[in-house]
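Trainee:
Laid out in structure tokens, this is it:
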């Protein structure tokens with residue numbers, strides 16, 4: 361019940377809606393790999409359950425889980441959250457799930473990007489990634505939504521749209537030769553126009569410092585609504601993040617979106633800087649072919665990595681010194697939505713945060 | 361999104377509807393085990409695809425498939441049939457899937473019977489059956505339907521209802537000590553009243569000769585509509601099936617259903633007798649713990665093992681000498697439904713037929 365189409369969304373009148381448009385629900389995956397999540401993924405599983413529970417207060421949540429952990433997950437996930445069997449190599453639904461597109465007439469379809477674990481054998485995070493690359497297809501089957509199989513390597517976390525024709529990406533990720541080495545910037549823009557139905561591509565430079573995804577935009581900056589962007593920020597000029605955020609700030613302030621608007625850019629404080637503790641690093645098993653976790657490594661924490669749900673925003677809590685200010689900022693940026701903080705450090709230890717582990721299904725009706 | 365309830369359906373105002381009531385769809389599983397299906401299950405997979413395709417002309421079909429075969433199955437199953445990842449030990453959705461119940465107000469729930477592979481370690485067909493015993497739960501998750509976990513061992517193929525309070529079972533199966541050895545006939549009737557919302561239990565004796573399910577009723581007799589039953593039949597008094605069908609005929613003619621009606625009993629011709637060929641038996645791998653397939657063994661073929669879909673009936677074709685007569689009978693019995701024959705021998709070789717590999721989801725609205 362998911363036809364694979366030979367066309368592309370834009371040509372069929374489909375486009376990616378903004379995350380702040382209404383949803384039918386949200387998909388997640390169950391974390392389990394002990395070479396990425398400490399202590400056999402028990403703490404991460406608790407963190408994912410807390411995120412799922414927070415989102416489920418706003419919209420239906422489905423979690424995919426491999427067969428071996430199904431019963432364990434079912435015993436720990438509240439009954440009002442749907443659990444379906446779904447194999448994966450890890451648990452980053454934003455990146456391995458479909459990017460949904462809509463046609464304004466109540467139909468949804470999904471773009472199934474080619475996935476190579478954030479860089480394949482050239483800097484990617486693990487091998488193999490075969491189960492991950494089937495996740496989008498399987499989600500689309502359950503959703504009974506037709507599928508576009510994209511011809512380019514991409515991840516959902518590498519793109520943000522305003523729903524009105526503007527796409528936000530980073531050069532560090534999208535132009536990285538470990539994704540689509542044969543395609544130029546102009547060719548990649550054309551690809552995004554075709555797969556996402558956008559008109560204008562806004563290029564930021566690097567992503568958050570030491571972000572192992574090669575700088576996904578969804579950890580650095582996102583649309584709050586059309587014409588308004590949130591950006592992670594530090595005033596500490598000696599922090600390596602300063603130069604990155606400053607560059608993004610300047611590019612965003614120089615930009616015009618697809619409707620010709622200037623953007624209002626709002627800064628969210630950077631937590632920390634945060635580092636992996638020796639105890640946290642010890643809890644992660646090492647394995648050939650997976651990225652090792654080392655004590656003291658700088659963590660790419662960012663409050664921008666939130667999920668916008670129907671009527672709410674679910675935000676990672678990362679640092680008691682900055683959590684309050686970040687939540688206050690977000691309350692001001694999202695009037696009419698409830699801002700809910702959920703502890704995010706365990707997710708950050710695995711390499712991402714709340715936005716990375718979720719994927720919205722736009723409303724059909 | 362599937363709460364497990366601590367009550368039972370009858371007490372909550374739920375009952376099992378008849379198969380001939382309207383459906384939202386049909387579930388199946390993908391066959392793959394090479395110690396039950398010959399030639400690596402390739403011919404059986406083709407047969408299942410033909411059944412699914414026939415049913416999909418009448419109502420939406422979903423097939424569950426284990427992770428290892430997902431891509432192979434997706435390449436062979438038509439795109440309008442939904443494929444979801446779902447582990448199982450074999451492919452008998454009738455027996456391992458949920459038995460759905462309705463409340464007449466548009467709600468559906470599912471009864472998840474305890475499953476022991478048709479007899480556990482005392483005559484059961486394989487070990488282990490742990491994945492099978494999770495299938496009903498997983499189907500109910502995808503369907504977002506609440507779940508009753510039954511306290512008794514049972515299979516969907518062991519029960520038929522008229523939707524008006526009458527249940528049809530066989531003593532050979534339901535009273536078999538390899539199912540619920542501590543429960544009496546009266547206690548089992550009370551269990552069925554609680555789990556299925558029925559009032560009257562009609563007991564037949566044995567199931568079809570040499571049926572390895574211990575005589576599931578769904579291979580012997582079924583309701584065509586309230587007050588009307590179809591029964592597999594042979595006029596050959598020297599065939600071991602004669603005595604069985606004759607006994608069922610007499611019991612059915614003596615019976616009164618839950619509404620006090622006498623039953624009209626219609627005979628469907630028995631195919632064959634059919635036997636497994638040497639070539640067919642050679643194609644099945646042997647393995648400790650699974651029932652061996654031997655050349656010459658009598659196959660429990662029966663035209664009663666059909667599936668009633670919305671507006672149609674999908675019937676196994678089993679024997680060119682009897683197929684025509686069986687289809688003519690069914691056309692007369694089901695006015696207003698299209699009768700569709702699908703080759704059923706490959707499914708029969710695995711131990712069942714079309715009814716055994718399907719499970720309907722009653723209409724919600």
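Residue numbers (the numbering used here), protein chains in the order written: chain A, 361 to 725; chain B, 361 to 725. Using N, Cα and C, we set each Cβ at its ideal position, and we do this for glycine too.
(1) Using a C-beta cutoff of 7 Å, does residue 447 of chain A count as contacting chain B?
(2) Can you give me the C-alpha to C-alpha distance between residue 645 of chain A and residue 482 of chain A, rounded to a whole angstrom?
(3) Tell me, please, which residues DSSP counts as bridged to residue 360 of chain A.
(4) Could you give the C-beta distance for residue 530 of chain B and residue 439 of chain A, rounded to a whole number, given that I count them as a contact under 8 Å?
(5) Answer yes or no: does any C-beta atom of chain A fall closer than 7 Å to that of residue 439 of chain B?
(6) Considering only residues of the same chain and omitting the five flanking positions on each side of residue 491 of chain A, which have a CB-CB separation below 7 Å?
(7) Check the Cβ-Cβ distances between residue 419 of chain B and every residue of chain A, and say whether any is below 7 Å.
(8) Kindly indicate which residue of A/479, A/638, A/460, A/467 has the alpha-carbon position closest to the one of residue 497 of chain A.
(9) Please confirm if residue 443 of chain B has its CB atom under 7 Å from at least one CB of chain A.
(10) For residue 592 of chain A, count the other beta carbons within 10 Å of its own beta carbon; 16 or more makes it buried, fewer makes it exposed. Which is it?
(11) Please report the distance separating the alpha-carbon of residue 424 of chain B from that of residue 456 of chain B.
(12) Give me, in chain order, the residues of the same chain whose beta-carbon lies closer than 8 Å to that of residue 624 of chain B; leave out the 5 immediate sequence neighbours on both sides.
(13) How about residue 501 of chain B: is its C-beta nearer than 7 Å to some C-beta of chain A?
(14) What's the C-alpha gap between residue 705 of chain B and residue 655 of chain B?
(15) Which chain B residues are close to residue 363 of chain A, counting only those with a beta carbon under 7 Å from its beta carbon?
(16) Tell me, please, whether the CB atom of residue 627 of chain B is closer than 7 Å to any CB atom in chain A?
(17) Please report whether the beta-carbon of residue 498 of chain A lies at a distance below 7 Å from any beta-carbon of chain B.
(18) If you draw a straight line from the alpha carbon of residue 379 of chain A to that of residue 534 of chain A, how long is it in whole angstroms?
(19) Does any residue of chain A have a CB that is nearer than 7 Å to the CB of residue 427 of chain B?
(20) Going by the CB atoms, is the gap between residue 716 of chain B and residue 474 of chain B shorter than 7 Å?
(21) So residue 316 of chain B packs on residue 362 of chain B, CB below 8 Å; how close in whole Å?
(22) Among the residues of its own chain, which have a CB less than 7 Å from the CB of residue 600 of chain B, if the five just before and after it don't count?
(23) Does the structure place the region 664–681 of chain A close enough to the region 569–585 of chain A that three or more beta carbon pairs sit under 8 Å?
(24) Helix, strand or coil: which one does DSSP assign to residue 384 of chain A?
(25) At 9 Å on the CB atoms, spell out the chain B contacts of residue 430 of chain A, in chain order.
(26) Check the DSSP bridge columns for residue 669 of chain A and list the partner residues they point to.
(27) Does DSSP put residue 498 of chain B in a helix, a strand or coil?
(28) Which whole-angstrom value describes the C-beta separation of residue 723 of chain A and residue 382 of chain A, a residue pair presumed to lie in contact below a C-beta threshold of 8 Å?
(29) Helix or strand or just coil, what does DSSP make of residue 703 of chain B?
(30) Kindly indicate which three-state DSSP category residue 663 of chain B falls into: helix, strand or coil?
(31) For residue 369 of chain B and residue 468 of chain A, I'd like the C-alpha separation in whole angstroms.
(32) Is residue 396 of chain A buried or exposed, if buried means 16 or more other CB atoms sit within 10 Å of its CB?
(33) From the DSSP output, read off the bridge partner residues of residue 423 of chain A.
(34) When burial is assigned at 16 or more other CB atoms within 10 Å of the CB, is residue 681 of chain B buried or exposed?
(35) Comparing C-alpha positions only, which one of B/428, B/553, B/478 sits nearest to residue 390 of chain B?
(36) With 16 as the cutoff for other CB atoms within 10 Å, does residue 597 of chain B come out buried or exposed?
Mentor: In short, the structure shows the following:
(1) yes
(2) 22 Å
(3) Given that chain A is displayed from residue 361 to residue 725, the structure contains no residue 360 of chain A and the question cannot be resolved.
(4) Rounded, the Cβ-Cβ distance is 36 Å, inconsistent with contact.
(5) yes
(6) 447, 448, 449
(7) no
(8) A/460
(9) yes
(10) buried
(11) 12 Å
(12) 587, 588, 589
(13) yes
(14) 15 Å
(15) 439
(16) no
(17) yes
(18) 20 Å
(19) yes
(20) no
(21) Outside the shown range of chain B, which is 361 to 725, sits residue 316 of chain B, and nothing can be said about it.
(22) 569
(23) yes
(24) strand
(25) 447, 494, 497, 498
(26) A/672
(27) helix
(28) 4 Å
(29) strand
(30) coil
(31) 36 Å
(32) buried
(33) A/388, A/443
(34) exposed
(35) B/428
(36) exposed
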